[in-house]
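Top to bottom, those sequences are chains A and B. With the first letter of the first sequence counted as 1, position 62 gets the number 64 in the numbering used here; the numbers rise by one all the way through. With the first letter of the second sequence counted as 1, position 189 gets the number 191 in the numbering used here; the numbers rise by one all the way through. Don't be surprised by glycine CBs; every beta carbon is placed ideally from N, CA and C.
2 protein chains.
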Amino acid sequence: MSLEHAILGFLRERPMTGYDLKNVCFDESASHFWTADQSQVYRTLDRLETRRLVRAKRERQTSRPDRKIYSITDTGGAELDAWIARSDTPPPLRDPFLIRLRFAADLPDDDLLGLLRDRRDALQERLESLRVRSAEGSAEPRDRATLLHRLTLDAAATDVRAEIDWIDDSLELLEARIEQENPTPPGGQSRLFSPARGARGSVTDEGSAT
Amino acid sequence: MSLEHAILGFLRERPMTGYDLKNVCFDESASHFWTADQSQVYRTLDRLETRRLVRAKRERQTSRPDRKIYSITDTGGAELDAWIARSDTPPPLRDPFLIRLRFAADLPDDDLLGLLRDRRDALQERLESLRVRSAEGSAEPRDRATLLHRLTLDAAATDVRAEIDWIDDSLELLEARIEQENPTPPGGQSRLFSPARGARGSVTDEGSAT
DNA sequence: CCAGTATATATGTGTTGTCCTATACTTGTT
DNA sequence: AACAAGTATAGGACAACACATATATACTGG
Numbered sequence: 003m004s005l006e007h008a009i010l011g012f013l014r015e016r017p018m019t020g021y022d023l024k025n026v027c028f029d030e031s032a033s034h035f036w037t038a039d040q041s042q043v044y045r046t047l048d049r050l051e052t053r054r055l056v057r058a059k060r061e062r063q064t065s066r067p068d069r070k071i072y073s074i075t076d077t078g079g080a081e082l083d084a085w086i087a088r089s090d091t092p093p094p095l096r097d098p099f100l101i102r103l104r105f106a107a108d109l110p111d112d113d114l115l116g117l118l119r120d121r122r123d124a125l126q127e128r129l130e131s132l133r134v135r136s137a138e139g140s141a142e143p144r145d146r147a148t149l150l151h152r153l154t155l156d157a158a159a160t161d162v163r164a165e166i167d168w169i170d171d172s173l174e175l176l177e178a179r180i181e182q183e184n185p186t187p188p189g190g191q192s193r194l195f196s197p198a199r200g201a202r203g204s205v206t207d208e209g210s211a212t
Numbered sequence: 003m004s005l006e007h008a009i010l011g012f013l014r015e016r017p018m019t020g021y022d023l024k025n026v027c028f029d030e031s032a033s034h035f036w037t038a039d040q041s042q043v044y045r046t047l048d049r050l051e052t053r054r055l056v057r058a059k060r061e062r063q064t065s066r067p068d069r070k071i072y073s074i075t076d077t078g079g080a081e082l083d084a085w086i087a088r089s090d091t092p093p094p095l096r097d098p099f100l101i102r103l104r105f106a107a108d109l110p111d112d113d114l115l116g117l118l119r120d121r122r123d124a125l126q127e128r129l130e131s132l133r134v135r136s137a138e139g140s141a142e143p144r145d146r147a148t149l150l151h152r153l154t155l156d157a158a159a160t161d162v163r164a165e166i167d168w169i170d171d172s173l174e175l176l177e178a179r180i181e182q183e184n185p186t187p188p189g190g191q192s193r194l195f196s197p198a199r200g201a202r203g204s205v206t207d208e209g210s211a212t
């Protein structure tokens, strides 16, 4: 299981509580390549502990609930190393958006274009936040760990950028086709498709993950 | 749920059995953006039927088990249309490979490079099969459904290509850094890292798919 | 003063997805 | 004749993930 190994990885960098794993590691540092629910983190830690891959030191606290500081064991480290060295097949692309698109033939033109533009906007935002986080790191990472961390950020950014480019191409294709299907009246009312940008607010959803 | 709507989408194109949904639709046509297990397909069909979104016509067969030919209902169609028009946030990137990479600092150089090259090879293969499927379609799709289908293929291909490019960049960075960490002995054994590169590197893009 | 946020862990429950097995007959292969 | 593969559906078991709630306290802002 991937989450197990991600946790082992973080714990090898430094011992930590489940709380920190969730709020610091997964929410801030790893969110661009793996996300995890709080309950899932704690349950996974339990499982790792019974399997002796991690060890917990209970720390008494008067004012707050006791903290359990987890650290990785030798067995855990060995398991992690073995897992890391393993090649596996890349996960298949799995995106509800593509299902929508695949079956959107009967959707009104504006809705279809809106769908694509909404997605592009969302991706643009995501790219921006990746850029910010990427800029936070040093320009020239000195240790290998930092470089690898940077590379995962690059992977995410590359991915998002590619999707944006694909959407732009798709929009062009669709706009051209729509125009040719119902040709523009001579008057110049051609703006049916291109201009609506700012006006449309069909952002059905807009939950910020986590 | 996405699978439900993918099934509704396929059933709207034509009534079908669960068997065909799995073996024709998901395995052959939709595998590049959504995959589904056989048991999952049948169970989902059951659920859709009890919710009256699809309807089954049982067809007696003497020699084989009865077929159940599912078709979409009006309610199902309405539900599908509503779902398609809904914008949602793009799914977060979720890739075990990036976990590996993130924590691979202590991996021996060769293993690390091997990991990246294995992944690139796997992606290359995937890209090839996408190209083949893309070439099967007509060059100039006439109806919108075909165009949209094509676009989903493009999305998958774009995605894979972007990942390959990212890996190539990463390999270059890592190779340079490794070289500088343990400088090449004067004898000229420097080919440890460079050689595989030129052999295949440029097959990566070359977009003459259609 | 009350609400909200942060610290910290835990559990219940439901959904989605994977793997495996069972059934049953036909056709093609070695 | 034996065995695999194709047609066709079904269900058990389980892993992974998501959503919600519970507990307990301290601090901060309106």
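Which listed residue (the options) has its alpha carbon closest to that of residue i
i         : options                                    : result
PRO17(A)  : ASP29(A), PHE35(A), HIS34(A), ARG60(A)     : ARG60(A)
LYS70(A)  : ARG163(A), ASP22(A), ARG53(A)              : ASP22(A)
GLY11(A)  : THR91(B), PRO98(B), ARG133(B)              : PRO98(B)
ASP120(B) : ALA141(B), ARG179(B), SER136(B), LEU103(B) : LEU103(B)
SER31(A)  : THR19(B), ILE74(B), LEU100(B), ALA141(B)   : LEU100(B)
ARG144(A) : ALA8(B), ILE180(B), MET3(B)                : ILE180(B)
THR19(B)  : SER33(B), SER4(B), MET3(B), LEU47(B)       : LEU47(B)
VAL56(A)  : SER140(A), ILE166(A), SER73(A)             : SER73(A)
THR148(A) : ASN25(B), GLY116(B), LEU175(B)             : LEU175(B)
PRO93(B)  : SER4(B), TRP168(B), SER33(B)               : SER4(B)
Rounded straight-line distance, which links the Cα of residue j to that of residue i
i         : j         : result
THR212(A) : ALA38(A)  : Only weak support exists for where THR212(A) lies, its pLDDT of 35 falling under 50; the coordinates are left without a value.
ASP170(B) : LEU82(B)  : 41 Å
PRO185(B) : ASP29(B)  : 49 Å
CYS27(A)  : LEU173(A) : 37 Å
GLY78(A)  : GLU6(B)   : 40 Å
ARG14(B)  : SER89(A)  : 40 Å
ARG146(B) : THR154(B) : 13 Å
LEU42(B)  : ILE9(B)   : In the sequence as displayed, the identity of residue 42(B) is Gln instead of Leu. For GLN42(B) and ILE9(B), the distance between alpha carbons rounds to 11 Å.
THR52(B)  : TYR44(B)  : 13 Å
HIS151(A) : ASP108(A) : 44 Å
SER33(A)  : ARG135(B) : 33 Å
GLN182(B) : ARG54(A)  : 39 Å
ILE86(A)  : ARG122(A) : 34 Å
ALA137(A) : ALA158(B) : 29 Å
TRP36(A)  : PRO110(A) : 36 Å
ASP76(A)  : ALA178(B) : 32 Å
ARG133(A) : ALA141(A) : 12 Å
PRO116(A) : THR91(B)  : With the sequence shown as reference, residue 116(A) is identified as Gly, and Pro is not the correct amino acid for it. If I take the Cα positions, the gap works out to 14 Å.
ALA106(B) : ALA84(A)  : 11 Å
ASP113(B) : ASP167(B) : 20 Å
GLU139(B) : LEU118(A) : Reading the sequence as shown, one finds Gly at residue 139(B) and not Glu. Distance between the alpha carbons of GLY139(B) and LEU118(A) is about 23 Å.
ALA80(A)  : ASP68(A)  : 29 Å
GLU130(B) : LEU95(A)  : 15 Å
TYR49(B)  : GLN63(B)  : Before going on, a small fix: residue 49(B) reads as Arg here, not Tyr. When rounded, the distance between both Cα atoms is 24 Å.
ASP156(A) : ASN25(B)  : 37 Å
ALA58(A)  : GLN40(A)  : 18 Å
ARG66(A)  : PRO187(B) : 58 Å
Inset, instruction - Output, in sequence order along the chain, the residues in the region 10 to 29 of chain B whose CB is closer than 9 Å to any CB in chain A. - result: LEU10, GLY11, PHE12, ARG14, GLU15
Inset, instruction - Give, in chain order, every unbroken run of the alpha helix (DSSP H) that is at least 4 residues long and sits entirely within the region 96 to 123 of chain B. - result: 98 to 104
Legend entry - At least 3 beta-carbon pairs within less than 8 Å: the region 119 to 133 of chain B vs the region 148 to 168 of chain B: yes
Legend entry - Interfacial residues, the region 63 to 82 of chain B to chain A, with Cβ spacing under 8 Å: LEU82
Legend entry - alpha helix (DSSP H) runs contained entirely in the region 53 to 91 of chain B, provided each spans 4 or more residues: 76 to 87
Legend entry - Short-range partners of chain A found in the region 88 to 110 of chain B, where Cβ spacing is below 9 Å: ARG88, SER89, ASP90, THR91, PRO92, PRO93, PRO94, LEU95, ARG96, ASP97, PRO98, PHE99, LEU100, ILE101, ARG102, LEU103, ARG104, PHE105, ALA106, ALA107, ASP108, LEU109, PRO110
Legend entry - Residues within the region 40 to 66 of chain B neighbouring chain A, beta-carbon criterion of under 8 Å: none
Inset, instruction - Could you name the residues of the region 163 to 185 of chain A whose beta carbon sits closer than 8 Å to any beta carbon of chain B, in the order they occur along the chain? - result: ARG163, ALA164, GLU165, ASP167, TRP168, ASP171, SER172, LEU175, LEU176, ARG179
Inset, instruction - Below 8 Å between beta carbons is the criterion; list the residues of the region 109 to 135 of chain B that meet it against any residue of chain A, in chain order. - result: LEU109, ASP113, GLY116, LEU117, ASP120, ARG121, ALA124, LEU125, ARG128
Legend entry - Under 8 Å (Cβ pairs) to chain B, residues found in the region 139 to 159 of chain A: ASP145, ARG146, ALA147, LEU149, LEU150, HIS151, LEU153, THR154, ASP156, ALA157, ALA158
Inset, instruction - Taking only runs that begin and end inside the region 137 to 191 of chain A, name each unbroken alpha helix (DSSP H) of 4 or more residues, in chain order. - result: 146 to 183
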